[in-house]
Structure formats: C-alpha cells, structure tokens
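All remarks here apply to the structure that follows.
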Amino acid sequence: MRDFAFYNAGVDDAKGPRRVFGLARRLLRRILRPMFFRQEAIYRDLQDQIDQLSAQVDALSRRVATSDAFGWDYVAMARRLAAIEDRLASSPTTTPTSAPAPAEPSPVRRPGRADGLPSPHVGERSPSRATAVRP
Numbered sequence: 001m002r003d004f005a006f007y008n009a010g011v012d013d014a015k016g017p018r019r020v021f022g023l024a025r026r027l028l029r030r031i032l033r034p035m036f037f038r039q040e041a042i043y044r045d046l047q048d049q050i051d052q053l054s055a056q057v058d059a060l061s062r063r064v065a066t067s068d069a070f071g072w073d074y075v076a077m078a079r080r081l082a083a084i085e086d087r088l089a090s091s092p093t094t095t096p097t098s099a100p101a102p103a104e105p106s107p108v109r110r111p112g113r114a115d116g117l118p119s120p121h122v123g124e125r126s127p128s129r130a131t132a133v134r135p
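Just so we're aligned, residue 1 is where the sequence shown starts under UniProt numbering, counting upward by one.
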C-alpha cells in the first residue's frame with residue numbers, strides 16, 4: 001500500500017532558527033489539512049482504479065495469448081490435414097469407384113439390354129415385341 005500522506009515529511013524537532021520554520025510549516029499544515037486529506041483520498045481512489053485497470057489488462061493479455069495459441073493450433077491442424085490429403089492422393093491404392101470394369105460379361109441377364117430380354121417398362125417397345133402379332 002502506498003503512503004500518500006506527503007504532508008507529514010520532515011516534522012522533526014529542530015533547534016534554533018529552523019524551529020521557527022517548523023512552527024510555520026505546522027501552522028500551514030493545520031490550515032491546509034482538510035485539502036490534504038481530500039487529496040490523499042483522491043490519490044487512493046486513483047491508485048485503486050489503476051490497480052483494477054492493470055488487472056483487466058493482464059486478463060486481456062492472457063485471453064489474447066490464448067486466442068493466438070488457438071489460431072496457431074488451427075493452422076497446424078490444417079497443415080497436417082493437407083499433408084494427409086496429399087499422402088492419400090499420391091498413394092497407389094485403388095478406390096472402389098476407380099476399379100476397372102471386369103473383362104468378361106456378367107452371367108446375369110438384365111432386362112432392357114441388348115442381350116434380347118424385353119424392357120420392363122410399359123411405354124417402351126423392344127424390337128422383339130414390335131413384330132409380335134396381337135390376337
């Protein structure tokens with residue numbers, strides 16, 4: 001805690017002509033004492049406000065440091081993800097969508113194909129049904 005009572009400095013008992021100055025100084029201090037008390041209260045209030053603002057600045061500094069660290073963590077994660085994507089893109093393994101088509105035709109016959117089965121759709125006419133005779 002700071003001592004703001006600046007008006008109490010040098011109140012020692014002096015001897016000789018300095019004693020007269022000491023008495024004059026005490027008289028002025030008595031006259032100005034209410035103003036000094038008020039000034040001391042103002043200084044204490046200002047010091048409390050400075051302490052509060054210092055605490056707020058410290059808290060904001062910690063929050064900014066935390067936010068910066070989070071941002072750099074995000075950048076590091078994005079870089080790692082990009083490296084993983086690059087590795088996956090350059091790997092020689094095949095995915096199911098890029099598998100080559102089988103060389104042999106499928107043994108299952110599907111309707112509507114060129115293998116001769118009629119199309120299951122009602123509105124369409126297959127070439128084999130176009131020549132059929134109606135009763």
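All C-beta atoms, glycine included, are put in the ideal place defined by N, C-alpha and C.
In angstroms with no decimal places, state the Cα-to-Cα distance between residue i and residue j.
| i | j | result |
| --- | --- | --- |
| D73 | R33 | 60 Å |
| A24 | D48 | 34 Å |
| A41 | D58 | 26 Å |
| L27 | R63 | 53 Å |
| S54 | K15 | 46 Å |
| L46 | L81 | 52 Å |
| D86 | R79 | 10 Å |
| A89 | A83 | 10 Å |
| Y18 | Q52 | Note that residue 18 is Arg in the sequence shown, not Tyr. In a straight line, the C-alpha of R18 is about 44 Å away from that of Q52. |
| G22 | S67 | 60 Å |
| Q39 | S61 | 32 Å |
| residue 139 | A76 | Nothing can be reported for residue 139, as the shown portion of the chain is limited to 1 through 135. |
| A36 | I50 | The question names Ala, but residue 36 is Phe in the sequence shown. Rounded to the nearest angstrom, the two C-alpha atoms are 21 Å apart. |
| residue 147 | I31 | Since the first residue of the chain shown is 1 and the last is 135, residue 147 is not available in this structure. |
So the alpha helix (DSSP H) residue i belongs to, where does it begin and stop?
| i | result |
| --- | --- |
| P34 | R18 to S90 |
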